[in-house]
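Chains as they are written, first to last, in my numbering: chain H, 1 to 329; chain B, 330 to 658; chain A, 659 to 987; chain G, 988 to 1316; chain L, 1317 to 1645; chain F, 1646 to 1974. Even glycine gets a Cβ: it sits at the ideal position worked out from N, Cα and C.
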């Protein structure tokens, strides 16, 4: 019944991949050579984390969060032949922006990249009198055209759907406040033009356990025959701070604010030393996923301990099945 | 030089008015019979406060925040011959809403009403998985058509401009968080259609003293030859909680996110027993202003102690002059 | 249908009483000469508040919380001919206590007094390495025999039922923490002997509006043909602190942890100057009720602004009817 | 036995005075015409409070905290013939200061004035990268010479002794933090020259009840045959914020960091409408005391509700006796 | 003088044991193969921690806290031949409970198991409108009979004594609040029947250093000729969260609320990688101890980093001597 | 141009030193055998951290913070031949103190040692009704003479300059509050005699990134031809607690409260396992630096994870150049 659960999209036979280790019962498994990007890949970086990669011209490109040694949060372009070994540019992205009020770049973090129709859209957490969702587009990962911020502050984790639905662009986001917000739900907003946003819908909130403090969208949703497959992060507050894990949900194909099912257990949580020790202990934070439609392979890129970039894998039919059968909507 | 500082708008010779008491040096003065609406004007009300009134069919109409004895926050229609003596309907407004996701009315508070082109728009703090800006329109104060919420949560004090500027609707708002937000700045957002909002601009933030904790727009801005006259509230945090006072600012006519001047002193602060004692001590919170263009008279409606509705007066030229000469932008 | 809703108990024709003022639509109305006890009735007192009174030997007696000018919380005996004019003893109650570990009296506040079988039991918030429920009994309001504390810290508002149910003593209480606890639900505990307590049951928690932060039992429950009538306090958190109001509930006669109905609106909230202004603004806190079974009259004693003792009235059938028809269990 | 408890100082027969009302059992009693200075005595003032007055050239002079309508805290000179009716200058004090680093006046509040040897020293809470103790001297209440700040931030309520002890100037103060500090003890520091301060000694801390959150010195200590009589403020944290009351202590004449006795009850607490209602409800905050040595009369000036200036009275022997017999050191 | 300090109890020659490493000066030493139970011993577990084991039918049995991948806290049965290698059942314990009000199992964590007279009692932190102490008994580690909760919420770390004292069951507990309570003292409660609890006694509170934030009982007290030997946890609040260490105390044999002595230094603190890194960094949390009376050997089971189960050892005479000579009661 | 940037001071050719590893682009590099002092070097210690060392009699001596197993913070003397291998005395320093009020030693931590003229001054965070700056001197590291505390509480990180400037002793410090203060700026105070302190000057505050929460002086400033070279710590607040890194600044030689330049990036941040894992994760905290003037070599001693002592190196000209060219004053 492989046809029942299929990624809708292109063939990308060369995405990074390792078979699931024998005896492993988890639905998501880690790359054995994690982390794939160390904290100091470029000389100025304190850490490289929470980054977004896409297939590009037969290879891979991406937008990386590189915090420099001032601990300023910046966005850099990266390129890779195989999706595992990356070259990251030494200088941050210089966005072209014709809107004087927002042209001054304060800071940017936790980017996502999404191909829609004819270009790549970059969304990120953008500093403008507080954190909100910055939007830009590029066709070549050289020139980035910055557009209007999508929302008022305070907002984070703005994640686009890879195609219009009902004739509208669709973006998930997580309204927040200033500082280390101890709450957060996922909403969906719609736009005719990527400038004006409205028809806001609640998608899903916190429940309990690993996702009891806040939840936010991770990679761009993956279209499948069963619905949009959303990998998202959830946060638990221990007596020693936040713990970031990841889960999965299926959203309705036509009305994607409707949640079909969603994992009660996490699918990935910080357990390895590179997820537990670093600038922020106990963080596994997915920001991107690359899929190969014919095989259903998914390569998930996630940040470890707010310090490094890691890789994990899943099989789409297995992940959808797990989400359905462990759901607690 | 009366021509220099003139309200742009209609003649409304019958708005409520009292001359400034002799010897009074304040730029805003109170109605001697305050409060004009007691907390229990309708049998179910715990308090009637922070409400919005407009001229309507030769008399006055308005939307009133009436917290019932459950302390649930509701919106009610009110009518008045003279703007001082009000009849408020016993039942809350039942908004007509064709959007199932937001049709369930959770709570509404701190409404504003604004005539634009051919109808009255009502904006309020609307409960939808947190507080955001609800929008509706009416032509008769009987049927209210609820539209999409303007923004994601969390937001309060959504205040419309009474005409399009540069072909766009304009709304001020104050992004906030859940609970008794201890911060707040005023932003401006634009819309081609009252549904999709974008081109967000920072307008003004907190400074010090009475406006050191947060600021938010009050009545709809008043168009004058000198700029948009904005009466706004500011909050100081004493060791016994928030103190809400009011100030004034002038905004650029064409680019209203530009602040021309703004009062360093407050123009109204809680000092009377009906402002200092009530459900929330020390609150003077303006939500509406009615003007008579030829005379420059302004009648300001404001909530006292989160419990009652009060009335105060100002003269436009005097208020603009005071704002200019006491500005600390 | 008066027989349908009747207090089960004795005739007490001389309890304090005033008829409901004409035009008053409230189910509880205030005594016109409130407060009945000023803050300085005895020379050492800073305030006299939150106190418990009972019929005694054809007149009235009670235990009063008198905070002295050190702001130490003490319990004093009081006596009255008419229930309105009170003499309060200058010295605090000296409890007789044969249990050395708890004999040292740290502080006591918010007492209740309840006749069960052959004696008056006094319960109060007792200082023992934190606040818990102190228990004592008296037959004459002269000698008080202190027993074991009912619970571990931290607990407040321990309120006894006036008779055993199912062969067990029954006590309501509100587990809390140290300091100004921002949460609180009502529980029921049972005892064969007033020393050992168990079979703890959840009764009811917070809902929203005026009772959104915490709820706690007020006077001892009143037995009626319809169930136990419980008057309780609820707390709302405004941006300027806690607001204490009162509501009513009906509990099952045999299994009194089952709530039959409970008022969504408050029945009394701080609105008068003696409730809004004082050591703690905005507090109306009931601790005792005296009833006359034949007429159904209830006299409610409550603290105002944590400063004075006040009196209010209700009619049992009206109050039960109101509770039923405004219930939101 | 008047000789036993005598103020050491000058005769000032014309200080403000009212005899204790008949039947009053309090050791401190209020002036019947309180407040003596309304909040708006000068046109720019939001409030006039927490101020310091001294005898001067056969009449009275003082330094007043006048918060303007920006809610900026300023110091103004005032003069009075009788100590009750005051003229306050419209412009704030312009301190002469030859120290460029501190010459920029940010804000000043809660002043004290103290005559030592040949001049009046003014101390106040001075803004310098946070609140600390500013020091200045004047001989004529026209020219004020600002000196070095006494301490590092953060500190408040710097109060001088009226003569050197052991050859050193002595100052009480209350180290604090930024914001509405929820703690505070009284310390003593010594100086050979009013510039360098050291030999810091702990004097007294919080205890319980009305003085459980923080304590700070009030007026300059009054020298008596029994010790230094210190009137001080104490703070209790209610669930609705801070409550400021006043108590008294006797300090050793030669080693004034030793506390001989100190009142367990307060001697003055906020109970009148002008103490309970205002910008900060529930504040009675003494900053100055004028004494007449032969009669032992003390006139205490204190702020009410952070809004107005009030007056109260005490008799030195009665106050010392009360402090001794109600002490709980 | 071995007779002076002897465990009162049975011979258990086969408990896990390693001799103290040469040169080690610590009174408690770790098992060299820690952790003995990894976080993923059963497929559904996120972590296995803070668990209770006892000798059972010539081998060992226990109740284990297994948080599943939802991060839901569950209790599981485990069995072991040697006390080191464990089999844990895949399904959580299904308690038999005839009390409908508490029969719904919300969550359970941090269990203890104690043999008294004829059965094993299990106590744990039980979810019932907040955390309180759940109680059950078993004779076979297959069927568990749930009894009434011992206390009202909020309470944690309920630990029984292994025999009645003065004819009463005795339980230690730590009253707490909701969330990550930043305070906690140890109390003792008594019961004639394991249902009704009273005669509550304060046992010991926080002091300073490693035990400055809260303290709670660990394993069931061990009876010795010198008193009850209590191993307990203490918490220090660093700027990066709570640090859980362990200490020891001796309690009076007959009045076990009297503390004879108690270690000022810790006896075990998180220093190994499996104690410092995991779901909650810096946690060493003992829940069980097995003793061999003749040799005085003690095997301590403790949780590491809220993630794994670890083992450590002590010699009773050495531990008692250490407690006595390093006491700071 | 070596002459341009030269340490002013003595030759110390035998200080610890390792050349910068090849390919390393950092301005500060770690010793390969870190940590140089393990947490348990002496039997009673829980941790040895944040310590101060100086050249002494041809070898090295120092004052070490050794927290014992009670987690009490103590100061111990240490000696070393090579600055890398240390002997630390088992007993804490017993200060000789002729001032009874401060002679009782509560706790001491984070010491610095500074040679001025004819003796070594020790400064540390000293417990006296809160944390303040303790001062003592020694000539032999055997007898320590305790002097007056420099300031009122609350203060930390008191760091002396190694010579008088303008005839005055100079001390940097960081005013703070009780607990884990979430703010902190560096100030400078002056003294004619090391007893009385005044002429307080603001030096520098927080900016952003790694130094956004607080900053405090580290080792004693190093005199160079370019200004005083100050190595200091900065703190960032992550959602999992504080992160302590280090930066550098140049201060004016004659008016050292003037900042010439200061690093926007950190020069050292917690990245190694011994900096990220321990009693306080993510701490690199420098307290001492030893220099060799002719070669410009600097050996920096710093605490790792509040648990161990580590060593790092820098070259003075390179560090000054880096500070200048990466400055963001």
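Listed by chain order, chain L residues near residue 873 of chain A by CB distance under 7 Å: As a first step, residue 873 of chain A is located in the third chain; it is residue number 215 there, counting from the start. Against residue 873 of chain A, chain L offers no close residue; the least beta-carbon distance is about 13 Å (beta-carbon pairs closer than 7 Å).
Three-state class that DSSP yields for residue 1337 of chain G in the structure shown: Absent from the model: residue 1337 of chain G. The displayed extent of chain G is 988 to 1316, so no value can be given.
The region 186-203 of chain H in contact with the region 471-489 of chain B per 3-pair CB rule at 8 Å: These segments touch.
Beta-carbon proximity of residue 1143 of chain G to residue 1097 of chain G, cut-off 9 Å: Within the fourth chain, the letter at position 156 stands for residue 1143 of chain G. Within the fourth chain, the letter at position 110 stands for residue 1097 of chain G. For residue 1143 of chain G and residue 1097 of chain G, yes; Cβs fall inside 9 Å.
Inside the region 1177-1201 of chain G only - alpha helix (DSSP H) runs reaching at least 4 residues: Listed in chain order, nothing qualifies, since the region 1177-1201 of chain G has no complete alpha helix (DSSP H) run of 4 or more residues.
CB of residue 1409 of chain L within 9 Å of CB of residue 1420 of chain L, strictly: Counting from 1 along the fifth chain, the entry for residue 1409 of chain L is found at position 93. Counting from 1 along the fifth chain, the entry for residue 1420 of chain L is found at position 104. For residue 1409 of chain L and residue 1420 of chain L, no; Cβs fall outside 9 Å.
Straight-line gap, residue 828 of chain A to residue 1508 of chain L (C-alpha atoms, nearest Å): For this step, residue 828 of chain A is matched to residue 170 along the third chain. For this step, residue 1508 of chain L is matched to residue 192 along the fifth chain. Spanning the two alpha carbons is a distance of roughly 19 Å.
Cα-Cα separation, residue 1207 of chain G to residue 1149 of chain G: Position 220 of the fourth chain, counted from the start, is the residue given in the question as residue 1207 of chain G. Position 162 of the fourth chain, counted from the start, is the residue given in the question as residue 1149 of chain G. C-alpha separation (whole angstroms): 7 Å.
Own chain residues within Cβ distance below 7 Å of residue 638 of chain B, not counting five before or after: Here residue 638 of chain B refers to the residue found at position 309 when the second chain is read from its first residue. Counting only Cβ-Cβ distances below 7 Å, and skipping sequence neighbours, we find 364, 365, 366, 377, 378, 380, 630 and 632.
N- and C-terminal bounds of the beta strand (DSSP E) containing residue 313 of chain H: As a first step, residue 313 of chain H is located in the first chain; it is residue number 313 there, counting from the start. Run containing residue 313 of chain H: 308-315, per the beta strand (DSSP E) assignment.
Proximity winner among A:803, A:929 and A:895, relative to residue 368 of chain B (alpha-carbon distances): Counted from its first residue, the second chain places residue 368 of chain B at position 39. By alpha-carbon distance to residue 368 of chain B, the top candidate from A:803, A:929 and A:895 is A:929.
CB contact below 9 Å: residue 898 of chain A versus chain B: Mapped onto the third chain, residue 898 of chain A falls at position 240. Using a CB distance cut-off of 9 Å, residue 898 of chain A counts as an interface residue toward chain B.
Beta-carbon separation (whole angstroms), residue 266 of chain H vs residue 210 of chain H, contact threshold 8 Å: Translated into positions along the first chain, residue 266 of chain H becomes position 266. Translated into positions along the first chain, residue 210 of chain H becomes position 210. Rounded to whole angstroms, the Cβ separation of residue 266 of chain H and residue 210 of chain H is 5 Å, and the two are in contact under 8 Å.
Uninterrupted alpha helix (DSSP H) stretches inside the region 241-294 of chain H (no shorter than 4 residues): If we require 4 residues or more, the alpha helix (DSSP H) runs fully inside the region 241-294 of chain H come out as 273-276.
C-beta neighbour in chain G for residue 1850 of chain F, strict 9 Å: Counted from its first residue, the sixth chain places residue 1850 of chain F at position 205. Residue 1850 of chain F counts as touching chain G.
Enclosing alpha helix (DSSP H) for residue 1416 of chain L [first to last residue]: Taking the first residue of the fifth chain as position 1, residue 1416 of chain L is located at position 100. Judged by DSSP secondary structure, residue 1416 of chain L falls within the alpha helix (DSSP H) whose first and last residues are 1416-1419.
Residues bridged to residue 1549 of chain L [DSSP beta-bridge criterion]: Along the fifth chain, one-based indexing puts residue 1549 of chain L at 233. For residue 1549 of chain L, which the question treats as bridged, DSSP gives the partners L:1532 and L:1562.
Cβ separation of residue 513 of chain B and residue 547 of chain B, assumed to be a contact under 8 Å, to the nearest whole Å: Numbered from its first residue, the second chain carries residue 513 of chain B at position 184. Numbered from its first residue, the second chain carries residue 547 of chain B at position 218. Contact flag wrong, Cβ pair sits at about 13 Å.
Beta-bridge pairing of residue 454 of chain B - partner residues as DSSP gives them: Locating residue 454 of chain B in the second chain gives position 125, counting from the first residue. The secondary-structure analysis by DSSP pairs residue 454 of chain B across a beta bridge with B:438 and B:462.
C-beta contact flag for residue 897 of chain A and residue 509 of chain B at 9 Å: Numbered from 1 along the third chain, position 239 holds the residue referred to as residue 897 of chain A. Numbered from 1 along the second chain, position 180 holds the residue referred to as residue 509 of chain B. Taking 9 Å as the cut-off, the beta carbon of residue 897 of chain A is found closer than this to the beta carbon of residue 509 of chain B.
Interface positions of the region 1567-1594 of chain L facing chain F (Cβ-Cβ less than 9 Å), listed along the chain: Those residues of the region 1567-1594 of chain L that come within reach of chain F (Cβ to Cβ, closer than 9 Å) are 1579, 1580, 1581, 1582, 1583, 1585, 1586, 1587, 1589, 1592 and 1593.
Span separating the alpha-carbon of residue 1429 of chain L from that of residue 932 of chain A: Start at 1 with the first residue of the fifth chain, and residue 1429 of chain L comes out as number 113. Start at 1 with the first residue of the third chain, and residue 932 of chain A comes out as number 274. Cα to Cα, the separation comes out at about 55 Å.
Where residue 1163 of chain G falls: helix, strand or coil (DSSP): One-based indexing of the fourth chain puts residue 1163 of chain G at position 176. Three-state DSSP puts residue 1163 of chain G in coil, outside helix and strand.
Beta carbon proximity, residue 1973 of chain F to chain H, threshold 9 Å: Taking the sixth chain and counting its residues from 1, one reaches residue 1973 of chain F at position 328. With 9 Å as the cut-off, residue 1973 of chain F counts as an interface residue toward chain H.
Chain-ordered chain L contacts of residue 668 of chain A [CB-CB under 9 Å]: Against the third chain, residue 668 of chain A aligns to sequence position 10. Among the residues of chain L, none has a CB under 9 Å from the CB of residue 668 of chain A; the nearest is roughly 31 Å distant.
Pairwise C-alpha distance: residue 642 of chain B and residue 346 of chain B: Counting from 1 along the second chain, the entry for residue 346 of chain B is found at position 17. Counting from 1 along the second chain, the entry for residue 642 of chain B is found at position 313. Their backbone Cα atoms lie some 7 Å apart in a straight line.
Interface flag, residue 424 of chain B vs chain H, CB-CB below 9 Å: As a position in the second chain, residue 424 of chain B is number 95, starting the count at 1. No, residue 424 of chain B does not count as interfacial toward chain H.
Members of the region 33-46 of chain H near chain F, C-beta cut-off 9 Å: Correct list: 39, 40, 43, 44 and 46.
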